[in-house]
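Using this note's numbering, you'd call the opening residue of the sequence shown number 2 and step up by one each time.
Note that beta-carbon positions come from the ideal geometry of N, C-alpha and C, so glycine has one too.
One structure below.
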Amino acid sequence: MNPYWFAPGIVLAVPLAVGPLGAFLGWLRPDTGFILFGFGILVAFVCALALPGMAAYATATGRPWRASALRASLLPMAVAGSVLVYLGSTGYPTINDISTDLAERPALEAETVGPEDAARLEFFAAVQSEAYPDLHPLGLEVSPAAAFERALTAARGMPGWELRGHDAAQGRISAIATTRIFRFVDDVVIRITPAPGGARVDVRSRSRIGGGDLGANARRIRAYLQRVRAG
(Lines of atoms letter the chains of each structure in order from A and count residues from 1; the text may use other names and numbers.)
(Lines give C-alpha, C1' and ligand atoms only; values in the text may rest on other atoms or scores of the structure.)
Protein backbone atom coordinates (compact mmCIF):
# COMPACT_ATOMS: atom_id res chain seq x y z
CA MET A 1 0.00 0.00 0.00
CA ASN A 2 1.40 3.38 -1.01
CA PRO A 3 2.24 5.53 2.09
CA TYR A 4 0.18 8.29 0.48
CA TRP A 5 -2.98 6.43 1.48
CA PHE A 6 -2.06 6.60 5.15
CA ALA A 7 -2.42 10.39 5.07
CA PRO A 8 -6.21 10.56 5.73
CA GLY A 9 -5.89 8.34 8.79
CA ILE A 10 -3.02 10.40 10.15
CA VAL A 11 -4.81 13.70 9.50
CA LEU A 12 -7.85 12.60 11.50
CA ALA A 13 -6.04 10.52 14.14
CA VAL A 14 -3.71 13.34 15.25
CA PRO A 15 -6.41 15.89 16.25
CA LEU A 16 -8.61 13.11 17.66
CA ALA A 17 -5.78 12.19 20.02
CA VAL A 18 -4.10 15.55 20.61
CA GLY A 19 -7.32 17.49 21.28
CA PRO A 20 -8.57 15.49 24.29
CA LEU A 21 -5.09 14.64 25.59
CA GLY A 22 -3.84 18.22 25.31
CA ALA A 23 -6.90 19.59 27.11
CA PHE A 24 -6.73 16.91 29.81
CA LEU A 25 -3.05 17.57 30.52
CA GLY A 26 -3.49 21.34 30.43
CA TRP A 27 -1.38 21.86 27.32
CA LEU A 28 -4.38 23.26 25.47
CA ARG A 29 -7.36 25.35 26.48
CA PRO A 30 -10.54 23.26 26.80
CA ASP A 31 -12.19 24.95 23.82
CA THR A 32 -9.03 24.57 21.69
CA GLY A 33 -8.82 20.87 22.49
CA PHE A 34 -12.50 20.41 21.69
CA ILE A 35 -12.15 22.27 18.37
CA LEU A 36 -9.21 20.05 17.42
CA PHE A 37 -11.23 16.97 18.31
CA GLY A 38 -14.14 18.28 16.24
CA PHE A 39 -11.81 18.89 13.31
CA GLY A 40 -10.72 15.26 13.47
CA ILE A 41 -14.34 14.14 13.36
CA LEU A 42 -15.01 16.46 10.41
CA VAL A 43 -12.05 14.97 8.54
CA ALA A 44 -13.38 11.49 9.32
CA PHE A 45 -16.76 12.30 7.74
CA VAL A 46 -15.18 13.86 4.66
CA CYS A 47 -12.87 10.89 4.15
CA ALA A 48 -15.65 8.39 4.87
CA LEU A 49 -17.52 9.87 1.90
CA ALA A 50 -14.62 10.69 -0.41
CA LEU A 51 -12.50 7.53 -0.19
CA PRO A 52 -15.26 5.02 -1.07
CA GLY A 53 -16.15 7.36 -3.92
CA MET A 54 -12.56 7.26 -5.11
CA ALA A 55 -12.61 3.47 -4.84
CA ALA A 56 -15.76 3.35 -6.98
CA TYR A 57 -14.11 5.63 -9.51
CA ALA A 58 -11.03 3.40 -9.58
CA THR A 59 -13.22 0.35 -10.14
CA ALA A 60 -15.07 2.01 -13.01
CA THR A 61 -11.88 3.21 -14.71
CA GLY A 62 -9.68 0.22 -13.97
CA ARG A 63 -7.23 2.14 -11.76
CA PRO A 64 -4.86 0.01 -9.67
CA TRP A 65 -5.41 1.89 -6.40
CA ARG A 66 -8.98 0.71 -5.74
CA ALA A 67 -7.96 -1.60 -2.87
CA SER A 68 -5.75 1.11 -1.33
CA ALA A 69 -8.62 3.59 -1.31
CA LEU A 70 -10.92 1.06 0.34
CA ARG A 71 -8.36 0.20 3.03
CA ALA A 72 -7.71 3.89 3.67
CA SER A 73 -11.45 4.45 4.18
CA LEU A 74 -11.79 1.89 7.00
CA LEU A 75 -10.63 4.13 9.87
CA PRO A 76 -12.60 7.23 8.76
CA MET A 77 -15.72 5.12 8.27
CA ALA A 78 -15.29 3.53 11.70
CA VAL A 79 -14.91 6.94 13.38
CA ALA A 80 -17.82 8.52 11.48
CA GLY A 81 -20.02 5.49 12.15
CA SER A 82 -19.23 5.54 15.86
CA VAL A 83 -20.10 9.24 16.08
CA LEU A 84 -23.41 8.71 14.28
CA VAL A 85 -24.32 5.77 16.52
CA TYR A 86 -23.44 7.75 19.64
CA LEU A 87 -25.40 10.83 18.62
CA GLY A 88 -28.35 8.73 17.53
CA SER A 89 -28.47 6.83 20.81
CA THR A 90 -28.17 9.82 23.13
CA GLY A 91 -30.54 12.38 21.67
CA TYR A 92 -29.39 15.09 24.07
CA PRO A 93 -31.00 18.51 23.54
CA THR A 94 -28.88 21.52 22.63
CA ILE A 95 -29.13 23.30 25.98
CA ASN A 96 -26.44 24.01 28.56
CA ASP A 97 -28.24 25.45 31.61
CA ILE A 98 -30.12 22.91 33.75
CA SER A 99 -32.03 23.56 36.96
CA THR A 100 -34.39 21.73 39.28
CA ASP A 101 -36.41 24.94 39.55
CA LEU A 102 -37.29 26.26 36.10
CA ALA A 103 -39.55 29.06 37.32
CA GLU A 104 -37.01 30.64 39.66
CA ARG A 105 -33.54 29.28 38.99
CA PRO A 106 -30.92 29.59 41.72
CA ALA A 107 -28.89 32.66 40.77
CA LEU A 108 -25.27 32.32 39.72
CA GLU A 109 -22.62 34.71 40.99
CA ALA A 110 -22.97 38.21 39.49
CA GLU A 111 -25.64 36.98 37.08
CA THR A 112 -27.77 39.53 35.26
CA VAL A 113 -30.75 38.38 33.21
CA GLY A 114 -31.67 40.67 30.33
CA PRO A 115 -34.57 40.26 27.88
CA GLU A 116 -32.55 38.00 25.57
CA ASP A 117 -31.38 35.88 28.50
CA ALA A 118 -34.92 35.55 29.81
CA ALA A 119 -36.13 34.35 26.41
CA ARG A 120 -33.28 31.87 26.19
CA LEU A 121 -33.97 30.50 29.66
CA GLU A 122 -37.66 30.19 28.87
CA PHE A 123 -36.77 28.14 25.79
CA PHE A 124 -34.35 26.02 27.84
CA ALA A 125 -37.08 25.38 30.41
CA ALA A 126 -39.47 24.08 27.78
CA VAL A 127 -36.81 21.82 26.27
CA GLN A 128 -35.63 20.57 29.67
CA SER A 129 -39.17 19.67 30.74
CA GLU A 130 -39.38 17.33 27.75
CA ALA A 131 -35.83 15.98 27.86
CA TYR A 132 -35.30 15.58 31.62
CA PRO A 133 -38.71 15.20 33.31
CA ASP A 134 -37.06 13.44 36.27
CA LEU A 135 -35.21 16.56 37.42
CA HIS A 136 -37.09 18.28 40.23
CA PRO A 137 -36.36 19.75 43.68
CA LEU A 138 -35.38 17.37 46.44
CA GLY A 139 -37.48 17.48 49.61
CA LEU A 140 -35.85 16.50 52.90
CA GLU A 141 -37.67 15.86 56.17
CA VAL A 142 -35.06 17.70 58.22
CA SER A 143 -34.61 21.29 59.29
CA PRO A 144 -33.18 23.77 56.75
CA ALA A 145 -29.98 23.99 58.85
CA ALA A 146 -29.55 20.21 58.81
CA ALA A 147 -30.36 20.11 55.10
CA PHE A 148 -27.71 22.75 54.44
CA GLU A 149 -25.03 20.72 56.25
CA ARG A 150 -26.09 17.62 54.35
CA ALA A 151 -25.98 19.47 51.05
CA LEU A 152 -22.58 20.98 51.87
CA THR A 153 -21.11 17.60 52.78
CA ALA A 154 -22.41 16.12 49.54
CA ALA A 155 -20.94 18.99 47.50
CA ARG A 156 -17.54 18.51 49.15
CA GLY A 157 -17.60 14.86 48.15
CA MET A 158 -18.47 15.37 44.49
CA PRO A 159 -15.58 14.37 42.17
CA GLY A 160 -14.27 17.23 40.06
CA TRP A 161 -16.01 19.90 42.17
CA GLU A 162 -14.32 22.86 43.82
CA LEU A 163 -16.35 24.82 46.35
CA ARG A 164 -16.32 28.56 45.75
CA GLY A 165 -18.45 29.69 48.67
CA HIS A 166 -21.23 28.74 51.06
CA ASP A 167 -23.57 30.72 53.28
CA ALA A 168 -25.79 28.90 55.75
CA ALA A 169 -27.87 32.01 56.47
CA GLN A 170 -28.74 32.39 52.79
CA GLY A 171 -28.92 28.65 52.20
CA ARG A 172 -26.54 28.91 49.29
CA ILE A 173 -23.58 26.84 48.09
CA SER A 174 -21.58 27.63 44.95
CA ALA A 175 -19.00 25.51 43.18
CA ILE A 176 -17.27 24.93 39.88
CA ALA A 177 -17.19 21.50 38.27
CA THR A 178 -14.43 20.50 35.87
CA THR A 179 -15.22 17.86 33.25
CA ARG A 180 -12.96 14.83 33.13
CA ILE A 181 -11.47 14.89 29.64
CA PHE A 182 -11.61 18.34 28.09
CA ARG A 183 -11.45 20.09 31.48
CA PHE A 184 -14.36 22.41 30.76
CA VAL A 185 -15.32 24.46 33.82
CA ASP A 186 -19.05 24.59 34.62
CA ASP A 187 -20.84 26.59 37.31
CA VAL A 188 -22.97 24.96 40.00
CA VAL A 189 -25.17 26.63 42.58
CA ILE A 190 -27.22 24.91 45.29
CA ARG A 191 -30.09 26.55 47.14
CA ILE A 192 -31.64 25.27 50.38
CA THR A 193 -34.96 26.76 51.45
CA PRO A 194 -37.58 25.95 54.12
CA ALA A 195 -40.44 23.77 52.93
CA PRO A 196 -43.50 22.19 54.53
CA GLY A 197 -42.25 19.33 56.67
CA GLY A 198 -38.59 20.16 56.27
CA ALA A 199 -36.39 21.69 53.57
CA ARG A 200 -36.08 21.86 49.81
CA VAL A 201 -32.86 21.52 47.82
CA ASP A 202 -32.55 23.04 44.35
CA VAL A 203 -29.55 22.70 42.06
CA ARG A 204 -28.51 24.54 38.93
CA SER A 205 -25.61 23.54 36.68
CA ARG A 206 -24.54 25.64 33.69
CA SER A 207 -21.79 25.26 31.11
CA ARG A 208 -19.65 28.31 30.49
CA ILE A 209 -18.78 27.34 26.90
CA GLY A 210 -20.87 25.86 24.11
CA GLY A 211 -24.52 25.75 23.20
CA GLY A 212 -25.06 22.13 24.27
CA ASP A 213 -23.62 19.91 26.98
CA LEU A 214 -24.33 16.33 25.81
CA GLY A 215 -26.31 15.80 29.00
CA ALA A 216 -23.40 16.61 31.35
CA ASN A 217 -25.27 19.12 33.52
CA ALA A 218 -28.28 16.84 33.99
CA ARG A 219 -26.03 13.92 34.94
CA ARG A 220 -24.19 16.14 37.41
CA ILE A 221 -27.42 17.23 39.11
CA ARG A 222 -28.69 13.65 39.32
CA ALA A 223 -25.41 12.45 40.85
CA TYR A 224 -25.39 15.26 43.38
CA LEU A 225 -29.01 14.80 44.46
CA GLN A 226 -28.42 11.07 44.83
CA ARG A 227 -25.53 11.83 47.16
CA VAL A 228 -27.67 14.25 49.20
CA ARG A 229 -30.49 11.71 49.31
CA ALA A 230 -28.15 9.05 50.64
CA GLY A 231 -27.14 11.42 53.43
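Inset, instruction - Can you give me the Cβ contacts of P21 inside the same chain, cut-off strictly under 7 Å, excluding the 5 residues immediately before and after it? - result: G34, F38, I182 and F183
Legend entry - Among P116, L226 and E117, nearest to G158 - alpha-carbon criterion: L226
Inset, instruction - Examine the Cβ distances between the segment 88-98 and the segment 203-216 and report whether three or more of them are shorter than 8 Å. - result: yes
Inset, instruction - Would you give the residue range spanned by the alpha helix (DSSP H) that E123 belongs to? - result: P116 to A132
Inset, instruction - Quick one: grab the DSSP three-state call for T180. - result: Residue state, collapsed to three classes: coil.
Inset, instruction - Locate the alpha helix (DSSP H) running through A224, then write down its first and last residues. - result: A217 to A231
Legend entry - Buried versus exposed, by CB contacts within 10 Å (16 or more), L17: buried
Inset, instruction - Check I174 in the structure and name its three-state DSSP category. - result: strand
Legend entry - Collapsed DSSP secondary structure at E150 in the structure displayed: It is helical.
Legend entry - Member of R151, D102 and A45 whose CA lies at the smallest distance from the CA of R228: Closest option to R228, judged by alpha-carbon separation, among R151, D102 and A45: R151.
Legend entry - DSSP state of V143 mapped onto helix, strand, coil: Note: V143 maps to coil in three-state DSSP.
Legend entry - Touching by the beta-carbon criterion (3+ pairs, under 8 Å), the segment 44-57 and the segment 203-210: no
Inset, instruction - Assign I193 to buried or exposed, taking buried as 16 or more other Cβ atoms, counted over all protein chains shown, within 10 Å of its Cβ. - result: buried
Legend entry - Whether I177 touches I191 by CB criterion (7 Å): no
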